[in-house]
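Q:
Numbering (our numbering), first residue to last: 1 to 385.
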């Protein structure tokens, strides 16, 4: 049964042009071609990356956050309460007035005490700035390493400067070991991001991130299996480069380096626009949708690949719209402020402010004032991939 399904799924006419069979892509005489089974190595590598990330965030991210002046406010923990805790996790983290009144009577509390309990409990669940900084630091390190290693591998390839030549000799294009390992690392990265998505700082575009990761993983797997590796490398490189600037800008926001933050935001917006909205359509989408047809007849893999690429581009347009809104605010206010996307848990920054006031007995400590400014004015920094 499984063998039949496997054979049906990998029918030659679905994934490679007419006139070729999978037998043409078998390794021979020292020439190696991509095979789907090669990517099984991504499974253990995914968990290795997760371990490396855990170490990098603590060994590099946290010390760097302190060195750059990132400060976490002290938080008052909510008093243990079984009834309120159950409601918090099963019903709502922000109950309505009538619900607060009912809960308060159940727990022999005043409505104000119940309201304060939920405020403190929400605050406990919010990620600390140091955690957000460390997460951004890890992604900055990974995207930088991946992008510059990619440049070293591909800069002397003909199709790196002339994308239309990616189809020369297709599908019988031998696989180089360096490209295989780079591809494997990319796949493992997105697997790890997908697995840790619920553990990472949650964003308002959580659904878009899931779609993005699924589309990217599918594209990597399909492009490797059907030997669309050359065009696949261009897709990944064009998307990695803007991520470097984005993660750097996030770190500067958390550290409140205002001048460097504003400069980095402008660079990020420019790189995002050029790489994803100019080069990606002109160099990649045109090549996959039009140039391909000058050499080969269409088959299912052609439609499948282009459909995924168009979904990816749709996400790019959506995210750039958010960047434009943020850029408009930057021009009108003179600084990166009121970021568009925020952590879901931090939509109401007043919770944090009230907690700090309570903790300080009505007096704001200088360190906490800085934290409130970040959480209030810069809370919605967008995260694009």
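A virtual CB, placed ideally from N, CA and C, is assigned to each residue, including glycine.
Small disclaimer: the values here were computed from a predicted structure and weren't measured.
Using only the alpha-carbon positions, how far apart do residue 230 and residue 15 sit?
A: Rounded to the nearest angstrom, the two C-alpha atoms are 16 Å apart.
Q: Please say whether residue 235 and residue 219 have beta carbons closer to each other than 8 Å?
A: Cβ distance < 8 Å, so residue 219 and residue 235 count as in contact.
Q: Take the Cβ of residue 133 as the centre, count every other Cβ of all protein chains shown within 10 Å, and call the residue buried at 16 or more, exposed below.
A: Buried.
Q: For residue 129, does the count of other Cβ atoms within 10 angstroms reach 16, so buried, or fall short, so exposed?
A: Buried: at least 16 other Cβ atoms inside 10 Å.
Q: Only counting the same chain, and skipping five residues up and downstream in sequence, which positions put a Cβ closer than 8 Å to that of residue 292?
A: Here the set comprises 167 and 302.
Q: Would you mind working out which of 89, 227, 280 and 248 sits nearest residue 137, comparing C-alpha positions?
A: Checking every option, the nearest Cα to that of residue 137 belongs to 248.
Q: Compare the C-beta of residue 270 against all C-beta atoms of chain B and say whether one is closer than 8 Å.
A: Of the protein chains in this structure there is only one, and it is not chain B.
Q: Could you pull out every unbroken alpha helix (DSSP H) segment of at least 4 residues lying fully inside the region 57–88, listed in chain order?
A: The qualifying runs are 62–67.
Q: Please report how far the alpha carbon of residue 348 lies from the alpha carbon of residue 314, in whole angstroms.
A: Note on residue 348: pLDDT 42, under 50, position unreliable in the model; no value is reported.
Q: Which word fits residue 155, buried or exposed, when buried means at least 16 other C-beta atoms lie within 10 angstroms of its C-beta?
A: Under this definition residue 155 is an exposed residue.
Q: Taking 8 Å as the cut-off, decide whether the C-beta atoms of residue 180 and residue 217 are in contact.
A: Not closer than 8 Å, so no.
Q: Would you list the one or two residues that DSSP bridges to residue 31?
A: Partner(s): 28.
Q: Quick check: residue 238 and residue 289, are their CB atoms within less than 8 Å of each other?
A: No.
Q: How about residue 174 and residue 33: do their beta carbons lie closer than 8 Å?
A: For residue 174 and residue 33, yes; Cβs fall inside 8 Å.
Q: On the criterion of 16 or more Cβ atoms from any shown chain inside 10 Å, does residue 316 qualify as buried, or is it exposed?
A: Classification for residue 316: buried.
Q: Taking the alpha carbon of residue 39 as the reference point, which residue from 294, 185 and 112 has its own alpha carbon closest?
A: The shortest C-alpha separation from residue 39 is found at 185.
Q: Please classify residue 4: is it buried, with 16 or more other beta-carbons within 10 angstroms of its beta-carbon, or exposed?
A: By the 10 Å Cβ count, residue 4 comes out exposed.
Q: Between the C-alpha atoms of residue 232 and residue 80, what's the straight-line distance to the nearest angstrom?
A: The alpha-carbon atoms of residue 232 and residue 80 are separated by roughly 52 Å.
Q: According to DSSP, is residue 182 part of a helix, a strand, or is it coil?
A: Helix, per DSSP.
Q: Can you tell me which of 318, 77, 194 and 26 puts its alpha carbon nearest to the alpha carbon of residue 277?
A: Nearest of 318, 77, 194 and 26 to residue 277, Cα basis: 318.
Q: Between residue 25 and the rest of its own chain, which residues show a CB-CB distance below 6 Å, the 5 nearest in sequence each way excluded?
A: If we look at residue 25 and ignore the five residues flanking it on each side, its Cβ neighbours are 33.
Q: Within the same chain, show all residues whose beta-carbon is closer than 7 Å to that of residue 36, passing over the 5 residues directly before and after it, in chain order.
A: Within the same chain, residue 36 has close Cβ partners 225.
Q: By Cβ distance below 6 Å, which residues in the same chain neighbour residue 45 in space, the five residues on each side in sequence not counted?
A: Answer for residue 45: 188, listed in chain order.
Q: Hey, out of 284, 294 and 74, whose CA is closest to residue 160's CA?
A: Of the candidates 284, 294 and 74, the one whose C-alpha sits nearest the C-alpha of residue 160 is 284.
Q: Output needed for residue 20: all residues of its chain with C-beta closer than 8 Å, excluding positions within five of it in sequence on either side, in chain order.
A: Cβ within range, chain order: 12, 171 and 172.
Q: Apart from the five residues just before and just after residue 88, which ones in its own chain have a Cβ nearer than 8 Å to its Cβ?
A: Once the five neighbours on either side are set aside, the close Cβ partners of residue 88 are 118 and 121.
Q: Do residue 268 and residue 320 have their CB atoms nearer than 8 Å?
A: No, Cβ-Cβ distance for residue 268 and residue 320 is not below 8 Å.
Q: Kindly provide the ranges of any alpha helix (DSSP H) runs that are 4 or more residues long and lie completely inside the region 185–255, ordered along the chain.
A: Taking only runs of at least 4 residues, the alpha helix (DSSP H) segments lying wholly in the region 185–255 are 206–225 and 229–255.
Q: Within the same chain, show all residues whose beta-carbon is closer than 7 Å to that of residue 103, passing over the 5 residues directly before and after it, in chain order.
A: So the list reads 83, 84, 87, 95 and 114, once near-sequence residues are dropped.
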